[in-house]
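Asks: What follows is a structure written as structure tokens; I'll ask about it next.
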Amino acid sequence: MNDLRLGGLKTERSTIEVNGVSIGGKEIILMGGPCAVESSLQMSKSAEAVKRAGGKILRGGVFKPRTSPYSFQGLGQEGLDYLVQAAKEQDLLCVTEVIDALSLELVVDKVDVIQIGARNMQNFELLKLAGKINKPIILKRGLSATIEEWLLAAEYILASGNPRVILCERGIRTFEPSTRNTLDLSAVGVAKELSHLPVIVDPSHAAGRRDLISSLSKAAIAAGADGLLIEMHPNPAEAVSDGPQSLTPEQFVQLAEELGVVAASVGRIFAGGGQQAEDTLESLRTKIDSIDRSIIEHLAARMQIVRELGDQKRLDGVKDTNRQNEIIQRLVNLANELQLPSEMIKKIYPYIFEFGVQSQIKNKLARDKESELSFYPIGSK
Ligand code: PEP
Ligand code: MN
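5 is the number of the first residue of the sequence shown in my numbering; add one for each residue after it.
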């Protein structure tokens with residue numbers, strides 16, 4: 005392939021360095037996280053699992069190129085903040101997909117690695133823009149792209165000035181319907197024979213089903229992949245996208261524990277599985293910030309339900325002391341179990357109840373007034 009002027013195999017393979025992580029060296033790099041960013045809690049749970057598994061990079065889509073225009077399109081800027089924050093909490097790097105010039109501009113200074121998805125592999129203008137930035141690019145193979153087309157797409161990025169391209173095989177479209185795509189593991193070997201660029205494998209979009217992820221991941225390492233990009237969700241059944249192919253955090257950690265021996269069998273290293281995050285003062289503070297945020301988010305959700313519930317009560321039934329005592333008793337028991345001072349519950353909860361009751365009363369009075377007005381419209385006798 006004559007046109008692989010920059011990407012063609014030279015004497016040495018490329019190792020891509022990014023903020024302390026090397027991709028394309030002896031070590032297998034594990035990347036994981038949900039298909040789409042949905043909430044800060046979802047992201048911090050995912051980041052915690054990636055860290056525990058010995059992964060280095062947290063993934064999460066905030067701009068989703070969906071097949072249907074009516075499917076969830078991503079949280080955009082808000083999701084980006086959740087991704088970045090969660091990665092920081094666990095001292096991980098992060099990667100997200102861009103779909104056009106605007107999304108690239110929005111994420112470029114915030115994430116460590118940028119992904120160009122299968123659907124945009126031949127978006128040549130986007131490739132050229134990706135070539136002008138100073139961040140590594142994961143370039144996924146297009147749904148029906150030949151290896152040559154994929155390498156030439158990478159060449160666009162290289163030729164525009166960015167030498168840090170990581171190729172990602174994610175399955176191609178074939179006649180076989182039992183998997184979402186067909187994972188082309190030969191492509192790993194072929195791409196590495198033709199090019200010096202690192203090659204990683206995404207078994208999730210290839211298989212489309214979680215039961216095959218573990219074996220395909222191991223096969224990918226055996227086939228020479230430099231890393232894995234795997235979808236994992238704290239609660240796949242509730243995922244807004246790609247739930248059926250997402251591993252649970254436990255499955256993800258379990259898989260990581262099994263990768264070491266496979267890596268060793270082909271002369272590579274994977275030092276992951278069952279790791280605990282090393283806590284620094286800063287990382288502990290970021291964890292606390294994130295927990296505080298989710299406490300407030302949960303309080304807001306509770307308050308919303310309390311308001312809805314208020315609509316179903318009569319005004320004189322808004323305050324229910326028996327129910328309040330029952331809740332406090334239950335939470336005191338839980339607090340004891342979790343080694344939390346029960347006094348804390350006894351002090352905090354009366355305030356929570358008080359604000360709830362107040363907002364129910366306020367809501368009720370406003371509604372009563374509204375219905376009075378509609379019952380006796382202004383000007384009626
Ligand atoms: C993704 O990584 O979520 C994604 C959309 O992947 P692909 O571009 O490989 O379909
Ligand atoms: Mn996905």
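All residues carry an ideal CB built from backbone N, CA and C; glycine is no exception. Values in this document were obtained by computation on a predicted structure and should not be read as measured data.
Nearer than 7 Å: is that true of the beta carbon of residue 320 relative to any heavy atom of the ligand PEP?
Replies: no
Asks: Please confirm whether residue 67 and residue 26 have their CB atoms less than 8 Å apart.
Replies: no
Asks: When DSSP labels each residue in this structure, what does residue 174 get in the three-state scheme?
Replies: coil
Asks: Name, in chain order, the residues that DSSP records as bridge partners for residue 144.
Replies: The partner list for residue 144 (beta bridge, DSSP) reads 172.
Asks: In the DSSP assignment, find the unbroken alpha helix (DSSP H) run with residue 47 in it and report its ends.
Replies: First-last of the alpha helix (DSSP H) with residue 47: 44-57.
Asks: Rank 122, 341, 84 and 17 by C-alpha distance to the C-alpha of residue 98 and give the top, closest one.
Replies: 84
Asks: Could you spell out the range, first to last residue, of the beta strand (DSSP E) harbouring residue 394?
Replies: Nothing can be reported for residue 394: it is not among the residues displayed for the chain, which extend from 5 to 385.
Asks: List in chain order: all unbroken alpha helix (DSSP H) runs of 4+ residues lying wholly within the segment 262-344.
Replies: 285-314 and 325-341
Asks: Can you find a heavy atom of the ligand PEP that lies under 7 Å from the Cβ of residue 209?
Replies: yes
Asks: Grab me the residues of residue 62's own chain with a C-beta within less than 8 Å of its C-beta, minus the 5 sequence neighbours each way, in chain order.
Replies: 35, 36, 37, 47, 50, 51, 54, 87, 90, 91, 94, 96, 97, 98 and 99
Asks: Is any heavy atom in the ligand PEP found nearer than 7 Å to the beta carbon of residue 297?
Replies: No; taking the cut-off as 7 Å, the Cβ of residue 297 has no heavy atom of the ligand PEP nearer than that.
Asks: Below 8 Å between beta carbons: does that hold for residue 229 and residue 205?
Replies: yes
Asks: For residue 30, tell me which candidate among 17, 23 and 81 has the shortest Cα-Cα distance.
Replies: 17
Asks: Mind checking residue 240: buried by the 16 CB within 10 Å criterion, or exposed?
Replies: buried
Asks: Does the distance from the CB of residue 225 to the CB of residue 33 come in under 8 Å?
Replies: no
Asks: When the cut-off is 8 Å and only beta carbons count, does residue 31 lie next to chain B?
Replies: No chain B appears in the structure shown, which is made up of a single protein chain.
Asks: Just the Cα atoms here: how many angstroms apart are residue 329 and residue 367?
Replies: If I take the Cα positions, the gap works out to 24 Å.
Asks: What residue range is occupied by the uninterrupted beta strand (DSSP E) comprising residue 231?
Replies: 231-235
Asks: Which residue from 365, 130, 14 and 194 puts its Cα closest to that of residue 310?
Replies: 365
Asks: Residue 157 to residue 126, Cα distance in whole Å?
Replies: C-alpha separation (whole angstroms): 6 Å.
Asks: Residue 293: beta carbon under 7 Å from a heavy atom of the ligand PEP?
Replies: no
Asks: Using only the alpha-carbon positions, how far apart do residue 327 and residue 353 sit?
Replies: 12 Å
Asks: Could you tell me whether the Cβ atoms of residue 59 and residue 276 are closer together than 8 Å?
Replies: yes
Asks: Within 8 Å, do at least three Cβ pairs link the segment 38-45 to the segment 284-303?
Replies: yes
Asks: Closer than 8 Å is the cut-off here; do at least three beta carbon pairs connect the segment 5-20 with the segment 250-258?
Replies: no
Asks: Just to check my reading of the structure: residue 144 and residue 168 have Cβ atoms closer than 8 Å, yes? What is that Cβ distance to the nearest angstrom?
Replies: That belief does not hold up - the Cβ atoms of residue 144 and residue 168 are roughly 15 Å apart, past 8 Å.
Asks: Starting from residue 180, trace the beta strand (DSSP E) in both directions and tell me its first and last residue.
Replies: No beta strand (DSSP E) holds residue 180; DSSP gives it neither H nor E.
Asks: On the criterion of 16 or more Cβ atoms from any shown chain inside 10 Å, does residue 3 qualify as buried, or is it exposed?
Replies: Residue 3 lies beyond the residue range present for the chain, which begins at 5 and ends at 385; the question has no answer from this structure.
Asks: For the ligand MN, is there a heavy atom less than 7 Å away from the beta-carbon of residue 39?
Replies: yes
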